[in-house]
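Asks: Just dropping this structure here.
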Amino acid sequence: MEQKVAEKRQRISTLGQIGLQQFAPYLMNRIMGRYNATLRDDFRKQGLTIPQVRTLAVLSVTDGVTVNDLSVYTVIEQSTLSRTLDTLEGQGFVRREQGVTDSRIRHVFLTDDGRAEFARAWPAMHDAFEAMFDDVDDAEYAALIATLLKMLKNIRKHDI
Numbered sequence: 001m002e003q004k005v006a007e008k009r010q011r012i013s014t015l016g017q018i019g020l021q022q023f024a025p026y027l028m029n030r031i032m033g034r035y036n037a038t039l040r041d042d043f044r045k046q047g048l049t050i051p052q053v054r055t056l057a058v059l060s061v062t063d064g065v066t067v068n069d070l071s072v073y074t075v076i077e078q079s080t081l082s083r084t085l086d087t088l089e090g091q092g093f094v095r096r097e098q099g100v101t102d103s104r105i106r107h108v109f110l111t112d113d114g115r116a117e118f119a120r121a122w123p124a125m126h127d128a129f130e131a132m133f134d135d136v137d138d139a140e141y142a143a144l145i146a147t148l149l150k151m152l153k154n155i156r157k158h159d160i
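In UniProt numbering, the protein residues as written are 1 to 160.
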């Protein structure tokens with residue numbers, strides 16, 4: 001059965017044949033666009049942007065990562081991330097430290113103020129997450145996560 005589905009996907013050659021409602025990249029982009037738009041107003045009230053909160057979120061889970069790895073985890077281009085880090089550092093939410101073995105490498109850490117700021121942003125993120133998965137049961141959610149992890153493995157260019 002899986003082979004027949006894969007063969008059918010290979011025979012479809014145009015977006016028109018697939019259709020937007022069956023084209024997973026379109027749906028994923030639309031979902032994340034709506035999720036970010038939902039949060040943008042809440043974050044703006046805190047004086048934060050989506051990239052800033054995304055950076056705080058990643059650091060709240062994986063503190064002390066290199067700027068390169070942070071760019072991958074946050075899905076933010078390095079030039080934008082650099083400006084984002086400049087702003088967050090100026091607000092006292094993050095600090096950058098030189099690498100011990102390589103002075104060209106910078107590690108980024110969340111400060112106590114940054115952790116508190118993310119804690120203020122988290123309820124809105126969690127509410128939007130819950131709304132997105134309303135009527136999705138645990139088995140469906142687990143299957144989605146398993147599928148997304150497989151997809152990430154298939155396309156990933158980094159070890160993380």
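Backbone N, C-alpha and C fix where the C-beta goes; we use that ideal spot for every residue, glycine too. It should be emphasised that the depicted structure is a prediction, and the values quoted were computed from it without experimental measurement.
Which residues in the same chain as ILE50 place their Cβ atom closer than 8 Å to its Cβ, once the five residues preceding and following it in sequence are excluded?
Replies: As a working note, residue 50 is residue 50 in the sequence shown. Closer than 8 Å at Cβ, skipping near neighbours: ASN36, LEU39, ARG40, PHE43.
Asks: How about HIS158 and VAL72: do their beta carbons lie closer than 8 Å?
Replies: As a position in the sequence shown, residue 158 is number 158, starting the count at 1. As a position in the sequence shown, residue 72 is number 72, starting the count at 1. Result yes, Cβ atoms of HIS158 and VAL72 sit closer than 8 Å.
Asks: Assign PHE109 to buried or exposed, taking buried as 16 or more other Cβ atoms, counted over all protein chains shown, within 10 Å of its Cβ.
Replies: Along the sequence shown, read from residue 1 onward, the residue named residue 109 stands at position 109. Classification for PHE109: exposed.
Asks: By Cβ distance, which residues of its chain are closer than 6 Å to PHE118, with the 5 residues on each side in sequence left out?
Replies: On the sequence shown, position 118 is the one that residue 118 refers to. Within the same chain, PHE118 has close Cβ partners LEU56, SER60.
Asks: Could you check where the beta strand (DSSP E) with LEU20 kicks off and where it finishes?
Replies: In the sequence shown, the residue the question calls residue 20 occupies position 20. No beta strand (DSSP E) holds LEU20; DSSP gives it neither H nor E.
Asks: Is there contact here, the segment 64 to 71 with the segment 95 to 108, by at least three beta-carbon pairs under 8 Å?
Replies: Touching, per the Cβ criterion.
Asks: Determine the direct distance from the alpha carbon of GLN98 to that of SER13, and round the result to whole angstroms.
Replies: For this step, residue 13 is matched to residue 13 along the sequence shown. For this step, residue 98 is matched to residue 98 along the sequence shown. Each residue's Cα considered, the two are about 49 Å apart.
Asks: Rounded to the nearest angstrom, what separates ARG54 and ASP102 at their Cα positions?
Replies: Here residue 54 refers to the residue found at position 54 of the sequence shown. Here residue 102 refers to the residue found at position 102 of the sequence shown. Their Cα atoms are separated by approximately 26 Å.
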